[in-house]
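Report on one structure; see the data block that follows.
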Amino acid sequence: MNISKISTTIGIVILGVSAICIYLFADIDYQAKIAILVMMLAVILWVTDWMPGVGTGFLCIILLVACGGVNSLSEGVIGFSKPICYFLIGILAIGYAVKRSGLADRVANYIIGLSLGNPVLLYFQMLGSFVVLTFFLPSATTRGAIIVNMYEEVLDTWNVPKSHPFHKMLMLAMLALNRCASTALLAGGITPVVASGLMGDFSWIEWFVIMSIPFYANLFVGGIIIYVWYRKGAKSVQMMPYKLPPAKPITIAEIKTIVIIFITVSLWFTDFIHGLHAAVPAVLALVLIMFPKIGVLTWEDLQEGIAWSNFFITATALSLGLSLLNSGGADWLGSNMVDWGLKITNNATLLIIMMMILVGLARIAFNNISSYLAIMIPITMGFSDILGVSPLLAGFLTVVVGDSLIFYCAGTGSGLIIFERSGLSNAEVFRFACVMLVAVVIIANILVLPYWKLIGFQ
């Protein structure tokens, strides 16, 4: 049995014992217990890939409703009513349009040219592109849906199969690190919007000054960890001759796709004017993509080309997360994790490290980032005096830790889009998240906290 299987087995045993203890001894009401237990079951099934992710989601919804974890079926499937699910469908449609129009192939050739046919240079160039592209495509989900098609074209050109370590290297970096570039910007998606709403109003530049160093450091250190992990596989890919085919004239389909993306991104950047939810421009893009005369795809194309499992896994994961939140189970889990840390030590530095580890582990229960932020930020800000830091610093640390980790992909739009096409297992994603948690804690203490002190943010 390899290390991955051993660690997965140990994790399942720990979760199983914890579930029994919670059911027997936890001082919470029955509904909260059921919500916690069903979430634990979902985590086990999603991490181990024992059954398809969609099947796990619906099984846990059935158990949640049948066992009384929610008051009605409508509450049990509430995740399907959330705009983020439809935002995801719009984003997937944009990504598929980029692929089918030929735009992905054109950009892929350009990427190969910049990398000089060198796989290692291609990988680190991709990490840098996350930062640059964020200023044009701030949403990690949007960016991921588009660039995954481009890098798939590169991998296909080099005849790299999904099982190859180099394929996994690129996909794991896209899945786990792409989102770090987004959260460095206030307009970078759900995380900064929810976090700033909980902690107070910040200008674009204030947020960038505070959060850019932490998230860029996590991105590039995480990238180096992945490279070291898969470096033998990367070196086994032969360098390809640096010779690009002559550029073809841009097609009408490519122009239409670029215009649709431009309209969509413009609406996202001007949300302070019109106030539309990010899902509205995304769904508008979906409509334009298949609109007669204007669009580039048909509904039949989208039915075949989009991984619809993304929608169902996200919606069911949101439903489970909201049941945990509404039942009081999330509050109980979060406050107890912090309480346990306080019982171990009273040293301020050790408490901060302990807090970071505990809130990082809390991401296993709260894989939906909105639920995680809504629960953990108020809790950690409330304990800031004991930690010896300001409430805002405790809140920002909670954001930095939580949004740098993906333990499994259900409920994370930006990660799920990549995961479905990556050739990775959930166990591999979980293993990297555990290593990344250690790295994030070290980076925070060596770099982030001193940097915040230097800029007068304590």
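Residue numbers (the working numbering): 23 to 480. Glycine included, C-beta positions come from ideal geometry on N, C-alpha and C.
The stretch 305-318 and the stretch 336-350 do not touch, with fewer than 3 CB-CB distances between them shorter than 8 angstroms. When secondary structure is reduced to three states using DSSP, residue 253 falls in the helix class. For residue 278, the closest of 309, 268, 259 and 250 by C-alpha to C-alpha distance is 309. Its chain contains 110, 114, 438, 439 and 442 as the residues whose beta carbon lies nearer than 7 angstroms to that of residue 332, once the 5 sequence neighbours on both sides are disregarded; these appear in chain order. DSSP places residue 295 within a helical segment (H, G or I) once states are collapsed to three. Three or more pairs of CB atoms, one per stretch, sit closer than 8 angstroms, so the stretch 79-93 contacts the stretch 51-68. Proximity to residue 229 across 287, 205, 250 and 247 peaks at 205, based on C-alpha coordinates.
Around the beta carbon of residue 325, fewer than 16 other beta carbons lie within 10 angstroms, which makes this residue exposed. With respect to the 9 angstroms criterion, residue 373 and residue 410 are classified as neighbours on the basis of their beta carbons. Assignment of residue 370 by DSSP, reduced to helix, strand and coil, places it in the helix class. In the structure shown, residue 236 adopts helical secondary structure according to DSSP, grouped into three states. Taking one beta carbon from each stretch, the stretch 120-131 and the stretch 237-248 have fewer than 3 pairs nearer than 8 angstroms; the two do not touch. In the structure shown, residue 465 falls within a helical segment according to DSSP collapsed to helix, strand and coil. A direct Cα-Cα distance of roughly 14 angstroms separates residue 425 from residue 465. When secondary structure is reduced to three states using DSSP, residue 229 falls in the helix class. Measuring C-alpha to C-alpha distances from residue 97 to each of 473, 344 and 387 identifies 344 as the nearest. Residue 141 counts as buried, since no fewer than 16 other beta carbons sit within 10 angstroms of its beta carbon. Residue 198 is a Cβ neighbour of residue 458, given a cutoff of 9 angstroms.
Secondary structure at residue 107: helix, using DSSP grouped into helix, strand and coil. Here residue 76 has 331, 334 and 335 as same chain residues with Cβ atoms under 7 angstroms from its own Cβ, once five neighbours each way along the sequence are excluded. Here residue 279 carries a helix assignment [DSSP, helix/strand/coil]. With a 10 Å radius around the Cβ and a threshold of 16 neighbouring Cβ atoms, residue 177 comes out buried.
With contacts defined as CB atoms closer than 9 angstroms, residue 212 and residue 164 fail to qualify as a contacting pair. Boundaries of the alpha helix (DSSP H) harbouring residue 68: 52-70, taken from the DSSP string. The Cβ atoms of residue 186 and residue 444 do not sit closer than 9 angstroms to each other. Secondary structure within the stretch 119-202: the alpha helix (DSSP H) runs of 4 or more consecutive residues, fully enclosed, are 125-136, 141-156 and 162-179 (chain order).
Residue 431 carries a coil assignment under DSSP once its states are collapsed to helix, strand and coil. Annotation: residue 295 to residue 56 spans about 43 angstroms, alpha carbon to alpha carbon. DSSP places residue 89 outside both helix and strand once states are collapsed to three, so it counts as coil. At the C-beta level, residue 196 and residue 166 come within 9 angstroms of one another. Annotation for residue 330: no alpha helix (DSSP H) segment contains it, and DSSP assigns it neither H nor E. Under the 10 Å beta carbon count, residue 448 is surrounded by 16 or more other beta carbons and is classified as buried.
Sequence-distant Cβ neighbours of residue 122 in its own chain, meaning closer than 8 angstroms and more than five residues away, are 275, 318, 319, 323 and 327.
As for any alpha helix (DSSP H) of minimum length 4 sitting wholly inside the stretch 296-324, the runs are 301-311, ordered along the chain.
Take the alpha-carbon of residue 101 and the one of residue 80: they are about 12 angstroms apart.
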